[in-house]
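First residue of the sequence shown: 7, per my numbering; consecutive thereafter.
The beta carbon of each residue, even a glycine, is placed where N, CA and C say it ideally should be.
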Amino acid sequence: MREATHEPLPAGGLADARTDVRTDVRTDARTQQDLLSRTALGVFRLNGQFLAISEELAKPAGLTAAWWQVLGAVLREPQPVAGIARNMGITRQSVQRIADLLVAKGLAEYAPNPAHRRAKLLRPTEEGRSAVDRIGPGHAALAARLTAELGDAAFAETVRALERLATALDALESAAPSAGVPAPAPE
């Protein structure tokens with residue numbers, strides 16, 4: 007938007023001033039769209055990078071990145087599959103498939119859920135905890151290398167920025183959940 011200045015109105019008067027404001031708004035909208043696109047592309051790239059790194063870190067422990075992700079979600083406390091999916095932002099069906107594989111391999115087990123008879127809780131077995139523990143040294147080494155590359159403050163700010171972005175997207179989704187589409191921008 008045009009800031010209040012002591013500059014004269016454009017030669018065409020107020021009508022041209024309104025046109026300038028609309029142009030500025032369109033430019034701002036384009037800039038916002040560009041920022042959204044760049045953010046999404048950056049996150050997609052990071053997702054691919056993290057998945058590749060996770061596969062490499064998990065491989066020596068006999069896990070895949072997806073198995074590690076689901077086991078990691080229940081290390082502190084057992085959770086139902088739907089809760090894991092919600093926290094991870096993926097489908098319940100994909101978590102169910104992985105949970106069933108982890109149970110079949112003896113890395114996790116289902117336990118009764120006092121809050122819901124049919125939605126059992128997933129929890130790691132000792133073998134599952136041991137597998138995740140074997141990832142620890144590689145994970146720590148990568149964290150140290152990334153901290154050295156970014157610096158402590160920048161690494162912490164990166165985490166905060168990503169958390170703010172996730173919270174903002176959650177808020178937008180909550181505001182317009184029926185269509186799954188953000189509300190239109192004001193004109």
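Checklist entry - Counting along the chain, where does the beta strand (DSSP E) carrying Arg129 start and finish? => result Position 123 of the sequence shown, counted from the start, is the residue given in the question as residue 129. Segment 127–130, the beta strand (DSSP E) holding Arg129.
Checklist entry - Can you check whether the CB of Val76 is closer than 8 angstroms to the CB of Ile90? => result Along the sequence shown, one-based indexing puts residue 90 at 84. Along the sequence shown, one-based indexing puts residue 76 at 70. Cβ distance < 8 angstroms, so Ile90 and Val76 count as in contact.
Checklist entry - Are Ala125 and Pro86 touching if we call contact CB-CB under 8 angstroms? => result Counted from its first residue, the sequence shown places residue 125 at position 119. Counted from its first residue, the sequence shown places residue 86 at position 80. A contact, by the Cβ cut-off of 8 angstroms.
Checklist entry - Could you give the distance in angstroms between the alpha-carbon of Val101 and the alpha-carbon of Ala88? => result As a first step, residue 101 must be located in the sequence shown, where it is residue number 95. As a first step, residue 88 must be located in the sequence shown, where it is residue number 82. In a straight line, the C-alpha of Val101 is about 8 angstroms away from that of Ala88.
Checklist entry - In whole angstroms, what separates the C-alpha of Ala149 from that of Arg123? => result Taking the sequence shown and counting its residues from 1, one reaches residue 149 at position 143. Taking the sequence shown and counting its residues from 1, one reaches residue 123 at position 117. Taking the straight line from one Cα to the other gives about 40 angstroms.
Next on the checklist: With H, G and I counted as helix, E and B as strand and the rest as coil, what does DSSP make of Glu83?
Outcome noted: Walking along the sequence shown from the start, residue 83 turns up at place 77. Note: Glu83 maps to coil in three-state DSSP.
Checklist entry - CA-CA distance, Glu61 and Gly144? => result Along the sequence shown, one-based indexing puts residue 61 at 55. Along the sequence shown, one-based indexing puts residue 144 at 138. In a straight line, the C-alpha of Glu61 is about 12 angstroms away from that of Gly144.
Item to check | DSSP bridge partner residues for Ala117 (one or two, in chain order) | outcome: Here residue 117 refers to the residue found at position 111 of the sequence shown. The partner list for Ala117 (beta bridge, DSSP) reads Leu127.
Item to check | Integer Cβ distance of Ala105 from Ala117, believed to fall under 8 angstroms | outcome: Residue 105 sits at position 99 when you count from the first residue of the sequence shown. Residue 117 sits at position 111 when you count from the first residue of the sequence shown. Not really, about 12 angstroms apart at Cβ, beyond 8 angstroms.
Next on the checklist: Please state the DSSP three-state secondary structure of Gly112.
Outcome noted: Your numbering for residue 112 matches position 106 in the sequence shown. In the structure shown, Gly112 sits in coil (DSSP, three-state: anything other than H, G, I, E or B).
Checklist entry - At which residues does the alpha helix (DSSP H) containing Ala167 begin and terminate? => result By one-based count along the sequence shown, residue 167 stands at place 161. Ala167 -> alpha helix (DSSP H) spans 158–181.
Next on the checklist: Please classify Gly68 as buried or exposed, where buried requires at least 16 other C-beta atoms within 10 Å of its C-beta.
Outcome noted: Numbered from its first residue, the sequence shown carries residue 68 at position 62. Burial call: exposed.
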